Structure formats: structure tokens, C-alpha cells
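Read through the structure below, which is laid out as C-alpha cells, and then see the notes.
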Amino acid sequence: MLLLISPDGVEEALVCAAAAEHLDIVDVKKPDEGSLGANYPWVIRAVRDAVPADKPVSATLGDVPFKPGTVAQAALGAVVSGATYIKVGLYGCTTPEQGVEVMRGVVRAVKDHRPDAFVVASGYADAHRIGSVNPLALPDIAHRAGCDGAMLDTAVKDGTRLFDHLPPEVCAEFVRLAHDADLVAALAGSVKAVDLGDLAAMGTDIVGVRGAVCAGGDRTAGRIEPQLVAAFRAEMDRHVRDRAAAVAPVN
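Using our numbering, the first residue of the sequence shown is number 2, and each one after it goes up by one.
Shown next as C-alpha cells:
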């Protein structure tokens, strides 16, 4: 599993740089604008400059409305600013067809500029609370649109978590559907260390966290701390090793 950490700006990106050996992707977002809140282009550029060159920078485009042209413009801005992972929260899409239309525009805008960029369609485990597209439809949306990955997060940050809305067996089905479509499967949503065993067992490719590595577990008021990043990574790697041992063939 890869570990994606979400600093909210340059100061926290420097903290991530100090803990770079423990993480795989630095994700630029603005937590006070939502679960996938978009930060400014100049912040993306500054974060790209702040973290090691071998660490990909991801950028969220926001919890977007069903406005495909607007979202495509935002996607181009993010990739031009230095992000190579582009994540789109399909907040305002109520049908799979709307999701496909938005993501096709994003894929074209991003890959016309940088073909090796990685585009992720993101949905919400608590979609029922906001009226957005069914989370299990995300892998098919991402596949039809030409994306590289599918992701689930939580839309409402009220203390509830990924598994509060979708139990592990449903998340495992999401991962299976993504893999069947040759997509990377990413899961986030107030993920804690106690969730890592289930996430490893289902074959999750990317785990996204913020609150779990912030002081006090607070994604908004707390700040990312290097020792919390290191501890989370150590626990994640332990579960990955345990899973590998469990599925290894017996000679």
C-alpha cells in the first residue's frame, strides 16, 4: 500500500518533506473548503518545490459541481502548477453519466498537457447524505472516462469515518471492482491506524490520511507531526507484511 498524506500548505509540506521516507504521495488540499477542498495554484507550486523531487504531488480539485467545463479548467490549472496526481470529488454528480462527463473532460485536459499524469475519480462513502452518485459506481465511472484510479472519501467531516458508512466488505467490493477495471483503488475518510488491517486485507492500493497524522487527530486545527507519520507508516507496513505472509504459498 502507498501512503498519501495531505498537508494544507507549504508549512506542513515542509513537515512532510522531513518525514518523506515514511510517505509516498504528498496531497495538496484545503481542508476548510471540504473533504477534497482545492488549494491555490501557487500553493501547489510551492509544495512541489518543498518536497523531494521523487515524491509525487497530488492536488484535489474540490468537491466539484456538475460543471464539466469548469472542472476541466481547474484540472489543467492543477497539472500546470506541478501536480501529477489529480483528484476530483464528484460531489455534484447524481448519476454515473454525469460523473463520466466530468471525468472525461478532466482526463483530456490533464493528459493533453501531461500524458503521464494520474487522474483519480473520487466519490463518497456517505453519498446518501449529500445525494451524490453511488460509491460502488465510481470504478465504472472512472473506467469509462479513462481515469487511472478510483477513490472513496467521506463528504461530511463530523467525526464519522469511512467504515461507519460502508462496512469493510462493501469497501472490499469497491476495491475488487476497481482492480477488475485495471484501476488503482484508493480509500480515505478519517482513516485510523485501527483500520489498516482491513484495508490491507482487501488489497487497497493507496491509503489517504490527514487527521490520523495531525496533533490531537484534528484534521482542521491540528498540524501534521513527523513522528505521527512515521508511526502510522510503521503500522501500515506491519499489516502489509502480515497480509503477504498470510497469502504466501506453503512449500
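Think of the CB as a built atom: it goes at the ideal place given N, C-alpha and C, for glycine as much as any other residue.
A quick note: this is a predicted structure, and the numbers were derived from the prediction, not measured.
- Counted as a single uninterrupted DSSP element, the alpha helix (DSSP H) harbouring Leu178 occupies residues 169-181.
- A direct Cα-Cα distance of roughly 30 Å separates His144 from His23.
- The closest CA to that of Thr71, considering only Trp43, Cys215, Ala110, is found on Ala110.
- Lys88: member of the beta strand (DSSP E) spanning 86-90, first to last residue.
- Counting only residues of its own chain and dropping the five nearest sequence neighbours on each side, Ala146 has a CB closer than 7 Å to the CB of Val101, Met104, Arg105, Val108, Ala122.
- Counting along the chain, Met152 sits inside the beta strand (DSSP E) bounded by residues 150-154.
- By DSSP's assignment, Asp9 forms no beta bridge with any residue.
- With contacts defined by Cβ atoms closer than 9 Å, Pro136 and Ala126 form a contacting pair.
- For Gly100, the enclosing alpha helix (DSSP H) stretches over residues 97-114.
- In the DSSP annotation of this structure, Asp219 is not part of any beta strand (DSSP E), being labelled neither H nor E.
- Secondary structure at Val27: strand, using DSSP grouped into helix, strand and coil.
- Short of 6 Å from the beta carbon of Leu15, and not among the five residues preceding or following it, lie these beta carbons of its own chain, in chain order: Ala51.
- In the DSSP assignment, Asp64 falls within the beta strand (DSSP E) that extends over 58-64.
- Distance from the CA atom of Arg46 to the CA atom of Gly10, rounded to whole angstroms, is 10 Å.
- Per DSSP, the beta-bridge partners of Ser123 are Gly90, Met152.
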